[in-house]
Structure formats: structure tokens, C-alpha cells
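All remarks here apply to the structure that follows.
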Amino acid sequence: MLRFDPFSDLDVVTRGLLSSQAGSTRTPRFMPMDLCKIDDHYVLTADLPGVDPGSVDVDVDNGTLTISAHRTARSEDSVQWLSNERFFGTYRRQLSLGEGVDTAAISATYENGVLTVIIPVAERAKPRKIDIAHGGEQKSIQPTTVDSA
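Mapping the sequence shown onto UniProt numbering, position 71 (from 1) lands on 71, and the numbers just tick up by one.
Structural data, given as C-alpha cells:
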């Protein structure tokens, strides 16, 4: 089966224009991530292969979740590059969090090049059942009188 991609030639030209000299530091293009909701929390997973775990940073400020990480370039001067396609530098993603998120309980782990961020739903935003009082169950309120002396 032959697949036709009308943009493949454009991608080749764009890569050529955006890439710099071989062996130089280039800015990472993106941080691929997935986001899903499981029960009462969101799970964000981001691919960060080759990133030093100490450089991974997850911050929450004013309803914005910011993920940043840094991959350093090789510092060997005697390297003769035959192919240099991996990007080095700082990765950064920002997501706006809704009102229904418990920002104080967000947690993160970094294992085997994958960052996992658990974002719990706030208690006030969780679905709940509202009790309905039936007419026969309501108590009547009797007015009270206060004696004035």
C-alpha cells in the first residue's frame, strides 16, 4: 500500500531552513505529552528522553502548570558529527488548569525518560448526590414568642 503525503516535500524544506550547522546547540521543538482523566484525577505524561532528572521542574502558579526540563549538548570538542538530529536545550510546556483542580495535591514522578504528573480533581468539583427532602419529611417551624418583662 502506497501512502501519499502532500506535505513531505514541504517538511524536508522546512527542516533544512530551521536546522543549524551540524554539531551546534539547537532548541528543542516540542515536548510530546498525553493528558487523560482517570476516575477523580488527570494524568499527564510527557516524553523527556535523555533529560537529567535534576533539571525537570514542575510548577503551578496562578492556575498555570509549567513543565520545564533541560538536555545538555555533548561537550566533546573532538567529535566529528555524522548525524546530529537530537535537540539540546530547554523544553517547556504550559497548561491552564481549571477551577476544579486541587493544585496543592499535584504530584510528579520521572522514570525512564517519562514524566508523569497526577493532577487531582478538587473535592468541591467532584460529582456528588444531592439529598432531596420530600414534603412529608419536612418539619414545620413553629413561631416562638418572647415574653417582655
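No residue lacks a Cβ here, since even glycine has one placed at the ideal position from N, Cα and C.
Given the structure is predicted, the values throughout are model-derived calculations rather than measurements.
In the three-state DSSP reduction, residue 73 falls in the coil class, being neither helix nor strand.
Between the region 49–61 and the region 105–122 there are three or more inter-stretch CB-CB distances shorter than 8 angstroms, so the stretches are counted as touching.
Between residue 97 and the set 60, 32, 36 and 31, the nearest pair of CA atoms involves 60. Contact between the region 89–107 and the region 120–129 is present: three or more C-beta pairs spanning the two stretches fall below 8 angstroms. DSSP places residue 131 in no beta strand (DSSP E); its state is neither H nor E.
Counting along the chain, the unbroken beta strand (DSSP E) around residue 108 starts and ends at 107–111. Taken atom to atom, the span from the alpha-carbon of residue 80 to that of residue 89 is near 20 angstroms.
Around the beta carbon of residue 130, fewer than 16 other beta carbons sit within 10 angstroms, so the residue counts as exposed. The three-state secondary structure of residue 83, taken from DSSP, is coil. A Cβ-Cβ contact shorter than 8 angstroms links residue 66 with residue 92. Straight through space, the alpha carbons of residue 132 and residue 41 are spaced by roughly 28 angstroms. Residue environment: residue 106 is assigned as buried (16 or more neighbouring CB atoms within 10 Å of its CB, all protein chains considered). Distance from the CA atom of residue 135 to the CA atom of residue 35, rounded to whole angstroms, is 46 angstroms.
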